[in-house]
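Below is one structure, written out as structure tokens; the observations come after it.
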Amino acid sequence: MSTLRPAGSGRDALAVAFTRMIASPRSALVISSDSVAPSDWPVGEASPEANVGHALGWTCEVRRHDIVVLNPLGEGIVKAALPTLSVEWLTNVRRDGSCVVYLAPTNAEAGFAELTIAAAANSGELRAATVRTAIADDYGKAEPVGRNQPCPCGSGKKYKHCHG
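The opening position of the sequence shown corresponds to residue -4 in the working numbering, with each subsequent residue numbered one higher.
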């Protein structure tokens, strides 16, 4: 994969990854932020199984430590810490080249971990779209250990005196 283009980080957000259980499973993200949803973002239905439109030009970049949703100009609108991504989720994104992104307001529900699509849709502010998704080359790779840093094995020794 080619290097992802540089982009603004956008506003802070929270993200939860899940797989939509439809005829063919589809990777999806719920992103909760206090930023206003873009006007050209399609409005979704309450059910995760519902068909959603495609947001042309929008991109979701999965980076080493975070996920950024970019507008067609390459500007970040939201940036969320990288949620737990299952192998199935990653496989679906790599196969399809896209995932479904639900934009939900932060006030949709008090506990974001328990946020459901239905709860956000009931608030009347749920927006959903299929978005081209790119996974960065450095996703899932560990930071290189420097010679003088503590060894990752937990011995307490410097890396150069332990496993270096």
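All C-beta atoms in this analysis are idealised placements derived from N, C-alpha and C, irrespective of residue type, glycine included.
Which residues DSSP lists as bridging residue i, in chain order
{"i": "His49", "result": "Thr125"}
{"i": "Gly71", "result": "Leu65"}
{"i": "Val96", "result": "Leu24, Ala124"}
{"i": "Arg6", "result": "Val73"}
{"i": "Thr14", "result": "Ser22"}
{"i": "Cys55", "result": "Val64, Thr128"}
{"i": "Lys153", "result": "Pro145"}
Residue i to residue j span [Cα, whole Å]
{"i": "Asp61", "j": "Ser150", "result": "30 Å"}
{"i": "Ala123", "j": "Pro147", "result": "41 Å"}
{"i": "Val11", "j": "Leu24", "result": "6 Å"}
{"i": "Pro100", "j": "Leu77", "result": "18 Å"}
{"i": "Trp84", "j": "Val57", "result": "12 Å"}
{"i": "Glu109", "j": "Gly71", "result": "Its pLDDT being 45, under 50, Glu109 is placed unreliably by the model, and the measurement read from it follows with that caveat. Using only the alpha carbons, I get a separation of about 26 Å."}
{"i": "Phe13", "j": "Tyr154", "result": "37 Å"}
{"i": "Asn66", "j": "Thr54", "result": "7 Å"}
{"i": "Val82", "j": "Glu138", "result": "21 Å"}
{"i": "Ala75", "j": "His156", "result": "37 Å"}
{"i": "Gly52", "j": "Thr86", "result": "22 Å"}
Within 9 Å, strictly: CB atoms of residue i and residue j
{"i": "Ala27", "j": "Ala50", "result": "Note that residue 27 is Ser in the sequence shown, not Ala. No, the pair does not count as a contact, with Cβ atoms beyond the cut-off."}
{"i": "Ala32", "j": "Leu80", "result": "no"}
{"i": "Val88", "j": "Val73", "result": "no"}
{"i": "Asp133", "j": "Arg59", "result": "yes"}
{"i": "Arg6", "j": "Asp35", "result": "no"}
Same chain, Cβ closer than 7 Å to residue i, five either side skipped, listed in chain order
{"i": "Gly159", "result": "Arg142"}
{"i": "Gly135", "result": "none"}
{"i": "Val140", "result": "Pro147, Tyr154"}
Own chain residues within Cβ distance below 8 Å of residue i, not counting five before or after
{"i": "Pro145", "result": "Gly151, Lys152, Lys153, Tyr154"}
Residue-level contact to chain D via CB, residue i, 9 Å cutoff
{"i": "Pro33", "result": "No chain D is part of this structure, which consists of one protein chain only."}
Any 3 or more C-beta pairs closer than 8 Å across the stretch 92 to 102 and the stretch 124 to 135: Segments in contact, yes.
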